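A.B. asks:
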Amino acid sequence: MNENKEYFVKEDDFIVSKTDVKGKITYCNQPFLEIVGATQEQLLFKPHDIIRHPDMPRIVFKLLWDRIKAKQEVFAFVKNRSFDGGFYWVFANVTASLDAKGEIIGYHSVRRKPNADGVKFIEGVYKQLLDAEKSGGMKASGKLLEQILADAGMSYDELVHKLQRGQL
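The opening position of the sequence shown corresponds to residue 1 in full-length UniProt numbering, with each subsequent residue numbered one higher.
Okay, here's the thing in structure tokens:
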């Protein structure tokens with residue numbers, strides 16, 4: 001395993017994947033395959049969390065799933081794992097895919113290169129959230145996230161957009 005190997009999203013790449021309503025991958029583009037180091041056969045119809053990195057707090061995914069199940073888009077800094085054990089950071093935009101009746105038929109994620117300073121900041125936040133989860137579960141990390149946002153005087157959306165734009 002190569003767990004200390006960091007990969008970087010290319011400036012002009014958009015990493016795209018689609019899933020069904022249960023989170024199983026139904027589509028992934030070439031930049032996604034390249035950074036993960038996998039073939040389509042290794043990824044298609046597998047749970048998207050096959051690339052979840054253990055450094056990601058569960059509360060971030062709860063926030064993400066709560067939003068997209070409510071048909072709201074969400075942006076997030078996400079650390080993922082490559083198939084060789086390495087990792088990479090992305091700035092993700094995740095939305096629900098809807099049919100003509102407005103029913104959710106899957107999910108669509110477009111990821112791009114994250115702001116490096118934003119990653120440094122969010123790594124510290126995620127470490128605090130993980131520590132809170134280890135000692136007090138998701139309830140504790142949720143309260144801590146609320147406190148961090150209150151102390152910053154902004155919403156989650158404002159925080160991640162400012163970090164991505166290099167405004168913090």
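Idealized CB from N, CA, C, for every residue including glycine. Just so you know, these numbers come straight off a predicted model, no measurement behind them.
Taking Ala-116 as the reference, give the member of Phe-45, Lys-79 and Thr-19 with the closest Cα.
C.D. replies: Residue Lys-79 is the option with its Cα nearest to Ala-116.
A.B. asks: Output the distance between the C-alpha atoms of Ile-148 and Tyr-7, rounded to the nearest integer angstrom.
C.D. replies: The straight-line gap from Cα to Cα measures roughly 29 Å.
A.B. asks: By the three-class DSSP mapping on this structure, what secondary structure does Phe-83 have?
C.D. replies: In the structure shown, Phe-83 sits in coil (DSSP, three-state: anything other than H, G, I, E or B).
A.B. asks: Would DSSP call Ala-100 helix, strand or coil?
C.D. replies: Coil, per DSSP.
A.B. asks: Tell me whether Lys-5 sits in a helix, a strand or coil according to DSSP, three-state version.
C.D. replies: Here Lys-5 sits in coil by DSSP.
A.B. asks: In the DSSP assignment, what are the bridge partners of Arg-111?
C.D. replies: Looking at the DSSP assignment, Arg-111 forms a beta bridge with Ile-15 and Ala-92.
A.B. asks: Could you please give the first and the last residue of the uninterrupted beta strand (DSSP E) stretch that includes Ile-25?
C.D. replies: It spans 25-28 - the beta strand (DSSP E) in which Ile-25 sits, taken as one unbroken run.
A.B. asks: Here's the rule I'm using: 16 or more other beta-carbon atoms within 10 Å means buried, otherwise exposed. How should Leu-98 be labelled?
C.D. replies: Counting Cβ neighbours within 10 Å, Leu-98 comes out exposed, since fewer than 16 surround it.
A.B. asks: If you compare alpha carbons, which of Arg-58, Val-60 and Tyr-107 is closest to residue 200?
C.D. replies: Because the chain in this structure spans residues 1 to 168, residue 200 falls outside the shown range and cannot be described.
A.B. asks: Under DSSP, the alpha helix (DSSP H) around Ser-155 begins and ends at which residues?
C.D. replies: Neither: Ser-155 is in no alpha helix (DSSP H) and is coded neither H nor E.
A.B. asks: My guess is that Ser-109 and Ala-96 are in contact by the Cβ rule of under 8 Å, so how many angstroms apart are they, rounded?
C.D. replies: Not confirmed; about 11 Å, so no contact.
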